[in-house]
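>
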Amino acid sequence: MRAVNPDEPPPRPLPRGRHSPGGQVVASSQRTRLLDALVELVAEHGYAGVKVGEIARTAGVSLSTFYAHFPGKEECFLEAYESVVQALMTDLGRSLAQVTTLEDGIEQAAVAYFAWFAERPTAARTFLIEIRGAGNVALQRRAEALDQFLVVFAAALERVGRPDLPPPRARLLALLGAVEALAYDRVLAGHPEQLLDLAPDAVDAAMRLLAP
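Residues in the sequence shown are numbered consecutively from 1, following UniProt numbering.
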């Protein structure tokens, strides 16, 4: 399944009935459209303001089709979030694969993070802002996503010969929280296109915290 990105033009809904590509292709298209519709609607109305029927209508499918894919709105949201996390982690891993110094690694990570959301303002609104109102399970998944980033970043530190870093977990989590807070404020203000402007300050703060 491709990464959720409602900022791209949506695919044309497939007609109802039999389809030459096969049922799996139809089901995959429906599922992707449902995920994209949820991200778009949550960005516009907030998590609590979105109903399952609206998701189905926006995706161009019936209500029964929605429930054939997801038990409810929460499960749809969590799958969309997981798709975004995996896409972001892939980009971060690719950006960090060739770094040779600590500063280069921090800069590449910051640029990859801010650029990813700057290019996807709808996803930025949904998963940086509205996720906070999506319930405890979503917040737990968010915490797990931070853990995934720690693993990716620790691997990069080993490659640049600094396995002694990062510092204690609490300090690094505080740094990640600060970076996310910077992004949160910029997106909340309605300027996700300016996220990359935050990278220099984020790199400077990280170097002060992480460098010996």
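From the three backbone atoms N, C-alpha and C, an ideal C-beta is built for every residue, glycine too.
With DSSP collapsed to three states, give me the class of residue 67.
Residue 67: helix per DSSP, three-state reduction.
> Could you pull out every residue in the same chain whose Cβ sits closer than 8 angstroms to the Cβ of residue 107, ignoring the five residues on either side in sequence?
For residue 107, where only same-chain residues beyond five positions count, the Cβ hits under 8 angstroms are 199 and 203.
> Could you tell me which of 183, 35, 178 and 118 sits nearest to residue 81, measuring between CA atoms?
When only C-alpha atoms are compared, the closest one is 35.
> When the Cβ atoms of the region 27 to 34 are set against those of the region 55 to 75, are three or more pairs found closer than 8 angstroms?
Yes, the region 27 to 34 touches the region 55 to 75.
> Alpha carbon to alpha carbon, how far is residue 116 from residue 48? Give it in angstroms, no decimals.
Cα to Cα, the separation comes out at about 25 angstroms.
> Using the Cβ count rule (16 or more neighbours within 10 Å means buried), how would you classify residue 113?
Per the 10 Å Cβ criterion, buried.
> Relative to the alpha-carbon of residue 132, which residue among 78, 24, 111 and 196 has its alpha-carbon at the smallest distance?
Residue 132 has its Cα closest to that of 78, out of 78, 24, 111 and 196.
> Taking the straight line between their C-alpha atoms, what separation do you get for residue 87 and residue 141?
Each residue's alpha carbon lies about 15 angstroms from the other.
> Please classify residue 54: does DSSP put it in a helix, a strand, or coil?
Of the three classes helix, strand and coil, the one that applies to residue 54 here is helix, per DSSP.
> Is the region 95 to 107 close to the region 117 to 131, with three or more CB pairs under 8 angstroms?
Contact between the region 95 to 107 and the region 117 to 131 is absent, because fewer than three Cβ pairs lie under 8 angstroms.
> Using CA atoms only, rank isn't needed, just tell me which of 50, 68, 169 and 76 is closest to residue 26.
Cα-wise, what sits closest to residue 26 is 68.
> Buried or exposed: which applies to residue 157, given that a residue is buried once 16 or more other Cβ atoms fall within 10 Å of its Cβ?
That one is buried.
> Residue 179 and residue 99: beta carbons closer than 7 angstroms?
No; because the gap between Cβ atoms is not below 7 angstroms, this pair is not in contact.
> Contact defined as beta carbons within less than 8 angstroms: I believe residue 206 pairs with residue 175. What is the distance between those atoms, to the nearest angstrom?
At roughly 6 angstroms, the Cβ-Cβ gap stays under 8 angstroms, so residue 206 and residue 175 are in contact.
> Can you give me the C-alpha to C-alpha distance between residue 50 and residue 143, rounded to a whole angstrom?
One C-alpha to the other measures close to 24 angstroms.
> What is the rounded straight-line gap between the Cα of residue 154 and the Cα of residue 188?
Going by the C-alpha atoms only, they are around 30 angstroms apart.
> Start and end of the alpha helix (DSSP H) containing residue 93?
Per DSSP, residue 93 belongs to the alpha helix (DSSP H) from 73 to 96.
> Within the same chain, show all residues whose beta-carbon is closer than 7 angstroms to that of residue 37, passing over the 5 residues directly before and after it, in chain order.
Taken in chain order, the residues that qualify are 55, 58 and 59.
> Taking C-alpha atoms, which residue in 190, 185 and 171 lies nearest to residue 208?
Looking at the Cα atoms, 171 is the closest of the given residues.
> For the ligand MG, is there any heavy atom lying closer than 6 angstroms to the beta carbon of residue 113?
Summarising the ligand content, the structure contains no ligands, and the ligand MG is consequently not present.
> Evaluate residue 137 with the Cβ neighbour count: other Cβ atoms within 10 Å of its Cβ, from every protein chain shown; 16 or more gives buried, anything less gives exposed.
The residue in question, residue 137, is exposed, as its Cβ has fewer than 16 Cβ neighbours within 10 Å.
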